[in-house]
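At position 344 of the sequence shown the residue is numbered 343 (numbering that gives the first Met the number 0), and the sequence of numbers has no breaks.
We put the CB at the ideal spot given by N, CA and C, even for glycine.
The block underneath contains the structure these notes are about, expressed in structure tokens.
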Amino acid sequence: MSLSPDALQAIFDAAAANTPASFNNTSPKKHSNPRKRNKPQNSSRPLSPKIRKQYPHDRANRATKILAPSAQSRRLSSSNHPNGNDADILLANNVPPKLSELKSLSHVDRKNLSSLQSKMKNKLSGARFRWINEKLYTTTGDQAYSLFKSNPEMFDEYHLGFRHQVHSWPTNPVDVLLSRLIDVKSLNHRKERFLLADFGCGEAKIADAFANDPAVRVLSFDLVSFNDRVIACDIANLPLPDDLIDIGIFCLSLMGTNFVQFLREAHRVIRIGGQLWIAEIRSRFEPQGIDPFLIQLSALGFELIKRDDSNKVFVSFEFKRTGKKISMQDVDSSSVLKPCLYKKR
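Put into structure tokens, the structure is as follows:
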């Protein structure tokens with residue numbers, strides 16, 4: 000069947016407005032309050048020798064719920080998914096077609112695509128990224144985790160579009176954080192290893208940077224286990240014991256509508272005196288300004304020690320985790336951080 004570009008786009012626009020059935024049927028789980036600190040820890044299984052080797056200090060005995068790097072994970076590959084006729088895909092699904100299904104457009108190889116076909120392919124790919132991005136910002140963490148668990152290819156699709164977006168920025172915030180981590184590490188005179196947690200790590204660039212550094216250990220968490228360094232989970236329910244982490248990092252990853260629960264969970268796992276680093280898109284603080292965000296972080300037990308808003312795209316913060324009791328009050332997340340939604344083109 001052959002459709003004109005206008006007809007194909009009309010079908011796509013109608014399809015993009017819908018939500019997949021698997022997502023609609025996902026019932027959000029109610030999160031219980033974070034565990035009180037005076038509550039005794041559950042009994043735990045001993046760490047394997049392999050994990051003990053990676054944690055040569057006493058805190059290794061408390062990291063009982065961390066998945067070992069040898070835990071089952073799978074490297075995602077869009078090449079495992081079948082191709083399909085573009086019109087058939089749009090008609091048969093109620094979501095924008097996947098990149099793996101767009102590998103060929105009208106059964107023509109990429110190198111032989113006409114200018115119009117290439118433009119259509121790029122437009123469909125960009126729409127897919129915007130659709131996934133909107134879901135991440137307008138759903139809770141457990142809903143997003145369920146969605147990605149059912150559709151793991153979305154990880155590759157999202158990060159392909161994300162890399163395209165970051166490429167147009169003057170600076171990648173991950174690179175800024177890495178540079179800062181190297182500076183902090185050089186000032187560390189403790190014998191123990193630095194234990195970092197990258198919340199919403201994406202492609203685990205921070206873990207890769209310190210992979211061969213004996214002074215730093217990075218635990219990476221995201222919705223999908225991209226490789227054997229990443230633990231798949233809902234960030235509001237981390238598989239970590241209390242008071243473990245030296246530095247926790249959210250790099251453009253406070254995405255769920257319940258991101259305040261992400262921050263409460265970060266407070267639980269970061270040790271007193273440890274730090275929380277956050278980088279967020281500048282536009283998310285408009286028009287309300289940055290003050291509501293800082294007030295919320297203070298209520299959650301984090302004291303601001305450094306702020307850098309010199310970048311035109313994002314703002315970065317460093318907080319110290321205090322020992323004060325944190326607020327459990329419900330918060331309108333949109334009044335603190337706006338969702339970062341890309342305009343439809």
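Item                                                                                                                                                                           : Value
Could you tell me which of 225, 325, 155 and 220 sits nearest to residue 348, measuring between CA atoms?                                                                      : Because residue 348 is not part of the residues shown, which for the chain are 0 to 344, the question remains open.
Quick check on residue 279: does DSSP put it in helix, strand or coil?                                                                                                         : strand
Looking at residue 177: is its Cβ nearer than 9 Å to the Cβ of residue 208?                                                                                                    : yes
Cα separation between residue 86 and residue 126?                                                                                                                              : Its pLDDT being 34, under 50, residue 86 is placed unreliably in this model, and the value from its coordinates should be taken loosely. If I take the Cα positions, the gap works out to 16 Å.
Which residue marks the beginning of the alpha helix (DSSP H) containing residue 182, and which one marks its end?                                                             : 172-185
Below 8 Å on the Cβ atoms is my guess for residue 253 versus residue 336; work out the distance and round it to an integer in Å.                                               : 6 Å
If contact is defined by three or more beta carbon pairs under 8 Å, each pair taking one atom from either stretch, is the stretch 151-164 in contact with the stretch 127-137? : yes
Excluding five sequence neighbours on each side, which residues of the same chain lie with their C-beta closer than 8 Å to the C-beta of residue 187?                          : 193 and 214
Measuring alpha carbon to alpha carbon, tell me which residue in 322, 247, 313 and 320 is nearest residue 199.                                                                 : 247
I'd like to know whether the C-beta atoms of residue 284 and residue 303 end up nearer to each other than 9 Å.                                                                 : no
Alpha helix (DSSP H) containing residue 345: first to last residue?                                                                                                            : Residue 345 is absent from the model: the chain starts at 0 and stops at 344.
Would the beta-carbon of residue 278 fall within 9 Å of that of residue 299?                                                                                                   : no
On the DSSP bridge list, what partners appear for residue 217?                                                                                                                 : 195
Could you say which of 197, 151 and 265 lies nearest to residue 240 if we only look at CA atoms?                                                                               : 265
What residue range does the beta strand (DSSP E) around residue 259 cover?                                                                                                     : No beta strand (DSSP E) contains residue 259, which is instead part of the alpha helix (DSSP H) from 258-268.
Taking only the alpha-carbon atoms, compute the straight-line gap between residue 218 and residue 224 and give it to the nearest angstrom.                                     : 12 Å
With DSSP as the reference, label residue 303 as helix, strand or coil.                                                                                                        : strand
Taking only the alpha-carbon atoms, compute the straight-line gap between residue 295 and residue 191 and give it to the nearest angstrom.                                     : 32 Å
For residue 320 and residue 273, which I take to be in contact (beta-carbon distance under 8 Å), what is that distance rounded to the nearest angstrom?                        : 5 Å
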